[in-house]
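Participant: Okay, handing you the structure first.
Residue numbers (this note's numbering): 451 to 608.
Okay, structure coming up:
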């Protein structure tokens with residue numbers, strides 16, 4: 451189970467997005483966002499990011515033309531052994547957004563809610579994880595998420 455999952459107050463959905471992480475020392479790390487929510491991201495890279503690092507993130511949401519650029523703080527990180535297709539170790543990090551302002555908050559929230567309509571997200575992400583995240587949402591977002599799931603479940607049985 452991902453670290454911090456039970457403490458979330460936002461829905462996180464699996465994604466595969468490129469993100470540029472600019473560190474305070476001027477260095478840049480290229481990473482992949484593994485999941486995304488209005489509170490932060492879970493990212494994977496070949497370069498380590500240390501807990502406590504303040505970083506600037508920049509990424510593009512599918513279906514938008516403008517890049518999202520915002521501040522974040524690394525809450526935790528760890529090294530993981532290489533996957534089957536690569537014997538190279540990689541690093542994962544949980545990054546919390548700092549002062550996520552409009553319109554980025556709305557863009558990310560709407561994107562994550564829209565992803566609830568994706569069958570693979572529910573299957574691969576696990577419906578129980580999704581429901582756990584939804585339970586912690588603010589009431590108006592929780593209601594929107596439940597409506598998406600109810601509408602999805604009311605289709606033809608087949």
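For each residue, glycine too, the CB sits at the ideal point set by N, CA and C.
Given the structure is predicted, the values throughout are model-derived calculations rather than measurements.
#1: How is residue 587 classed by DSSP in three states: helix, strand or coil?
#2: Measure the alpha-carbon distance for residue 453 versus residue 548 and round it to whole angstroms.
#3: For residue 608, I'd like the list of residues in its chain whose CB is within less than 8 Å of its CB, leaving aside the five on either flank, ordered along the chain.
#4: Where does the unbroken beta strand (DSSP E) through residue 514 begin, and where does it stop?
#5: Is residue 463 helix, strand or coil when you go by DSSP?
#6: Please go through the same chain and pick out, in chain order, the residues whose beta-carbon is closer than 7 Å to the beta-carbon of residue 550, but skip the five residues on each side of it.
#7: Which whole-angstrom value is the C-beta distance of residue 474 and residue 482, which I expect to be below 8 Å?
#8: Quick check: residue 544 and residue 565, are their CB atoms within less than 7 Å of each other?
#9: Rounded to whole angstroms, what's the CA-CA distance from residue 496 to residue 540? Just pull it up for me.
#10: For residue 391, list the residues DSSP reports as bridge partners.
Facilitator: The structure says:
#1: coil
#2: The pLDDT assigned to residue 453 is 48, lower than 50, so where the model puts this residue is not dependable, and the model offers no usable value.
#3: With a pLDDT of 39 at residue 608, under the threshold of 50, the predicted position of this residue should be treated as unreliable, though the coordinate-derived value follows. So no residue of the chain qualifies.
#4: Premise fails: residue 514 is in no beta strand (DSSP E) and is neither H nor E.
#5: strand
#6: 488, 520
#7: The Cβ separation is near 22 Å, so there is no contact.
#8: no
#9: 5 Å
#10: Given a span of 451 to 608 for the chain in the structure shown, any question on residue 391 remains unanswerable.
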